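*Asks:*
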Amino acid sequence: MRILKFLLRKEFLQIFRNKLMIRMIFAVPVIQLILLPFAANYEMKNINLCIVDHDHSEYSRNLTYKFTSSGYFQLTAIADSYKKALKVIEEDRADLIIEIPEGFERELIRDNQTKVMLIANAINGQTSGLSVSYANSIINDFNSDIRAKWIQIPRINPQPMIEITTSNWFNPKMNYKYFMVPGVLVLLVTLVGFLLTAINVVKEKEDGTIEQLNVSPIKKYQFILGKLIPFWILGNIVLSVGFIISYVVYGIYPAGSYLLIYLFAAIYLIGLLGFGLFVSTLAETQQQAMFISYFFMTIFILLGGLFAPIDNMPDWAKILAYLNPVSYFIEVMRMIVLKGSGFMDILKYLGIISLFAAGFNLLAIFNYKKTV
Amino acid sequence: MKQFFSFIKKEFHHILRDKRSMLVLLGLPVVQLIIFGFAITTETRNCNIAILDNSKDEATQNLITRIESSSYFDIDKTLSSDNQIEKAFKTGRIKLAIIFQPNFQNELMHNNKAQLQIVTDASDPNQANTLTYYVSAIVMEYQKELNQNKNLPYTINSEIRMLYNPQLKGEYSSVPGVMGMILLLISAMMTSISIVREKEMGTMEVLLVSPLKPWIIIVSKVIPYFIISLINVITILLISGWVFGIPIVGSIFLLSLVTIFYIICALALGILISTVTSSQQAAMIISLIGLMLPVVMLSGYAFPIANMPVILQVISNLIPAKWYIIMVKNIMIKGLGFLDIWKEILIIFGMTTFFLLVSLKRFKIRL
Amino acid sequence: MAEKEVVIKTNKLTKKFGDFVAVSEITFEVFKGEIFGFLGANGAGKTTAMKMLIGISKPSSGTANIAGFDVYKNTESIKKSIGYMSQKFSLYEDLTIKENIILFGGIYGLNDYDIETKCNGLLEKLNLQNDADKLVNSLPLGWKQKLAFSTAIFHMPKIVFLDEPTGGVDPITRRQFWDMIYEAAHNGITVFVTTHYMEEAEYCDRVSIMVDGRIEALDSPENLKKQFNAATMDDVFLMLARKAKRGD
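Protein chains in written order, with this note's numbering: chain A, 455 to 826; chain B, 2 to 368; chain C, 14 to 261.
#1: Determine, using beta-carbon pairs with one atom in the segment 147-156 of chain C and one in the segment 164-171 of chain C, whether at least three such pairs fall under 8 Å.
#2: Can you list the residues of chain C that residue 670 (chain A) reaches, using a CB-CB cut of under 7 Å?
#3: From residue 27 (chain C) to residue 217 (chain C), what distance separates their C-alpha atoms?
#4: Helix, strand or coil, according to DSSP, for residue 442 (chain B) in the structure here?
#5: For the structure I just gave you, are there three or more beta carbon pairs, one from the segment 156-165 of chain B and one from the segment 556-572 of chain A, closer than 8 Å?
#6: Taking only three categories from DSSP, how would you classify residue 29 (chain C)?
#7: Secondary structure at residue 186 (chain B), three-state DSSP: helix, strand or coil?
#8: Give me the chain B residues within the contact set of residue 757 (chain A), using Cβ-Cβ distance strictly less than 7 Å, ordered along the chain.
#9: Could you tell me whether the Cβ atoms of residue 648 (chain A) and residue 726 (chain A) are closer together than 9 Å?
#10: With residue 135 (chain B) as the anchor, note down where its alpha helix (DSSP H) starts and where it stops.
#11: Kindly list, in the order they appear in chain A, the residues whose Cβ is closer than 8 Å to that of residue 232 (chain C).
#12: Locate the alpha helix (DSSP H) running through residue 519 (chain A), then write down its first and last residues.
#13: Please classify residue 141 (chain B) as buried or exposed, where buried requires at least 16 other C-beta atoms within 10 Å of its C-beta.
#14: Let's test the definition: count the other Cβ atoms within 10 Å of the Cβ of residue 702 (chain A) and tell me whether it reaches 16, buried, or not, exposed.
#15: Judging by CA-CA distance, which residue of B:212, B:54 and B:218 is the nearest neighbour of residue 196 (chain B)?
#16: Considering only residues of the same chain and omitting the five flanking positions on each side of residue 638 (chain A), which have a CB-CB separation below 8 Å?
#17: Decide if the segment 458-478 of chain A is in contact with the segment 102-113 of chain C; the criterion is three or more beta carbon pairs, one per stretch, under 8 Å apart.
#18: For residue 460 (chain A), go through chain C and note every residue whose CB falls closer than 9 Å to its CB, in chain order.
#19: Taking C-beta pairs closer than 8 Å, name the residues in chain C that residue 662 (chain A) reaches, listed in chain order.
#20: Checking 9 Å against the spacing of the C-beta atoms, do residue 189 (chain C) and residue 155 (chain C) come in under that value?
#21: Using a 10 Å radius around the Cβ and a threshold of 16 neighbouring Cβ atoms, would you call residue 350 (chain B) buried or exposed?
#22: Could you check how far apart the C-beta atoms of residue 56 (chain B) and residue 101 (chain B) are, in whole angstroms? I think they sit under 8 Å.
#23: Locate the beta strand (DSSP E) running through residue 620 (chain A), then write down its first and last residues.
#24: My assumption, with CB atoms under 8 Å, is that residue 61 (chain C) sits in contact with residue 35 (chain C). Please give the rounded CB distance.
#25: One question on the structure: do residue 80 (chain B) and residue 48 (chain B) come within less than 9 Å of each other, judged by their Cβ atoms?
#26: Taking 9 Å as the threshold (beta carbon to beta carbon), is residue 30 (chain C) in contact with chain A?
#27: Using C-beta distances below 7 Å, list every residue in its chain close to residue 789 (chain A), excluding the 5 sequence neighbours before and after it, in chain order.
#28: Check distances from the C-beta atoms of the segment 518-543 of chain A to those of chain B and list, in chain order, the residues that come in under 9 Å.
#29: Assuming contact is defined by CB atoms lying nearer than 9 Å, are residue 692 (chain A) and residue 641 (chain A) in contact in what I supplied?
#30: At least one CB of chain A closer than 9 Å to the CB of residue 82 (chain B): is that the case?
#31: Between the beta-carbon of residue 722 (chain A) and the beta-carbon of residue 807 (chain A), is there less than 9 Å?
#32: Give a yes or no on whether 9 Å exceeds the smallest Cβ distance from residue 160 (chain B) to chain A.
#33: So with CB distances below 7 Å, who are the chain C contacts of residue 657 (chain A)?
#34: Hey, how far is the Cα of residue 254 (chain C) from the Cα of residue 52 (chain C)?
#35: If you draw a straight line from the alpha carbon of residue 783 (chain A) to that of residue 646 (chain A), how long is it in whole angstroms?
#36: I think residue 46 (chain C) touches residue 203 (chain C), with their Cβ atoms under 8 Å apart; what is that distance to the nearest whole Å?
Written out as structure tokens, the structure is:
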């Protein structure tokens, strides 16, 4: 234990002496946590709209007005032909064209039936799908308004109607930041913790200092603990700074208990850093360690459930996601922060992450050889 | 010139000898593209939901069958009380619950009005919205069939056309996105680290006192990564063509040209990073932690830039990947020509020049 | 000299990497308090042999006993009894002089009082009292090496292994360095040193000369010169090294 004390002292001295590093370890995550959640918004507010109105009637103007006043669409161009409108799409000045054909009003009133054309830039399948469905619902509304004006509504609704009411639990205002902030925080803690440990041991290899430790009576577990503990503490500090920012900037605090998050984070970090150390034992140079980390981090982050729900993934990707410690922390973080889940609710995840922690660290200890 | 080539050869030897790094550098784009193409999808499939049927009549049965047979939902039948549902939400077992009022069919048929409640787990608001939308669509469909015979007056039909990507495939936006991200990260990261590495090892001094001109040293350090990046572009395009079936509509020549410009820009960024850092660790933190998330989130391929607050829209302009992604979409998918992208090319040029000028200045100060 | 205690004893110690025999059946003894020079050209197998002796490389065959411990079974006990200074300078550059000394003192299990007093004594001896809080990377190479040696014997090991300790330093510093080695040997620490400076070989009590993984000669510098009928150790070495088949 005494040896461990000296090793820890050394690591802390080294970490805090490197002012540039310390600044980056804290500044980079802080800035990103403040900026990035604002970017992560699938909520469509300003869909750029181009209108081609061949009818120039009262109804076509009303429909246009209905769109621009809806809050979802922003009229960025008016074109007098489809061809010109297409040019607007090509230049990315609009995402959606609404073409109102000549005779729109006349046909609606005379033939009881008319049409409008919606033409979307579908390169991004998801957003274009959404914008078309918003457009459709606006047209439906407009349609109902017209009917209401022309048909006298009988006192009793002649048609059976199913009334759907929706309640959105855990995040009733549907604030996307509540969803993103805890997730981004997990990613930042993960990136910082993992990278630092992955590179640290390799740096000692490259500098030759590890040889000096290898010829000394330090035990393997002492060495691993000496590396783990400092970065574990650092990870927890980054997490705490993240919580402060979440509260101050976004007003987000856990519906559940902080204590439970820290309990989970404690085990998660042990596992994550163990994995970092394992990568460190695999690599010969910092450059190599870096590339290997980059590989794993990209996959962990993409399959972590932040950018796309794991439920939607195909089975093989789900299996990968289940092997991904990051996905558990993101899940648990959201459960505790948003849903106020308690100890029993996250017990399963706690068990899984403990297995990860044990596994990765055993691998790291096993793979770290004091011999050359 | 001979010196120059022997120097490039040395750099190649360094890189080729390191099999693990090579594997990562060449394999990652493939893995990433496949994950993005197949796994990162916002299409809902087999999402676990619960149904509380307080009525158990013909109408609710009919609706449940419809919901069950859609590919969107899996019904967790073990849940049958309010308490259990709340618990299931908290443990993350279900994302949505549907609650039918008692006497559903009676109310529907005799009072023409029945109530159905949807409860969502809105901790992911996007998913909650989508799921609600799907349930509503199924219910509407059912309702429409009930009213089948009544033709409504004054109907506006909408005719929808999806340009460029009629099947709404996700890959149409993820391929350009992955190209933009991988090329920037790998090129910037690789060059910055390999230059800083020489600084750290002290070998940079040796090179600088040699008769080689400094720019030759830098250029020859950069060329191998330039070639690796080109190989990556080719693999990405082959995969997107053969596996995902995305054709290159516009000119391949133009696409290659802007890609080369972009890679040079990324390499210049790497050189810049290497001049402002003195240790590999610092270079890594800047190029990985500092670049990775911002590029993913602000370049416009994960999240639409138009939805962002103004300040982020402004910041997004500083990210080279944004401009490259626009160009790739324009050439590859829309089939546009040079005249439609010259502005973006100019911006990339400007950025490259800026990165190089600043590095040159910093380089001189130090020596 | 009567009854000398043997602290290093090897018998046919061999290390193979695949088909390549880096060290071939070396057999020798080193006595307590002796300065034992381990000579050889680059690539002769010196460093590999040393790594087996200090327990960070497993021998392929043969036996070796260091300070009474077996190199196969008791590598961790060996590590407690030895000090090591590698060819590559390996103190922590981003720690101060004092911090480095305290670290290694602690790793070898010295108590706080011993660390404090010995550390002060050492700084005084090296005339570094005023520089104790300077980062190691700000020191000139010669000082770094003296410091590395002092750190390697800080815990008073039975044997100290020095792998080309004076590479790249000027002759005056090298001379000072050897004074430190004599002092250590005088205090009963056995010194096992590899070098390819032949004038340094003259300072050793006994030297062995390795060629292509084998020990080709082993005796005191005096006797070796007589045996090969040479004026200097340099000539002895050249005569032996000429037989080498391995290049650098």
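Note that beta-carbon positions come from the ideal geometry of N, C-alpha and C, so glycine has one too. Just so we're clear, the structure is a prediction, and the values are computed from it rather than from any experiment.
*Replies:* So, from the data block:
#1: These segments do not touch.
#2: 92, 120 and 121
#3: 25 Å
#4: Limits of chain B in this structure are 2 at one end and 368 at the other, which puts residue 442 (chain B) out of reach.
#5: Yes, they touch.
#6: strand
#7: Note: residue 186 (chain B) maps to helix in three-state DSSP.
#8: 36 and 40
#9: Cβ atoms of residue 648 (chain A) and residue 726 (chain A): closer than 9 Å.
#10: Here the alpha helix (DSSP H) through residue 135 (chain B) covers 126-147.
#11: Near residue 232 (chain C) there are no residues of chain A at all, since even the closest Cβ is about 29 Å away, more than 8 Å.
#12: 512-522
#13: When all chains shown are included, residue 141 (chain B) counts as exposed.
#14: exposed
#15: B:218
#16: Once the five neighbours on either side are set aside, the close Cβ partners of residue 638 (chain A) are 486, 487, 490, 491, 494 and 760.
#17: Cβ pair count under 8 Å is three or more, so yes.
#18: 115, 116, 117, 118, 119 and 120
#19: 99, 101, 102 and 103
#20: yes
#21: exposed
#22: The C-beta distance from residue 56 (chain B) to residue 101 (chain B) rounds to 5 Å, short enough to fall under 8 Å.
#23: 615-623
#24: 4 Å
#25: no
#26: At a cut-off of 9 Å between beta-carbon atoms, residue 30 (chain C) makes no contact with chain A.
#27: Only 795, 799 and 800 meet the Cβ criterion.
#28: 528, 540 and 543
#29: no
#30: no
#31: yes
#32: By the rule that beta-carbons nearer than 9 Å mark a contact, residue 160 (chain B) touches chain A.
#33: Chain C residues near residue 657 (chain A): none, gap ~10 Å exceeds 7 Å.
#34: Straight-line spacing of the CA atoms in residue 254 (chain C) and residue 52 (chain C) works out to 10 Å.
#35: 15 Å
#36: 6 Å
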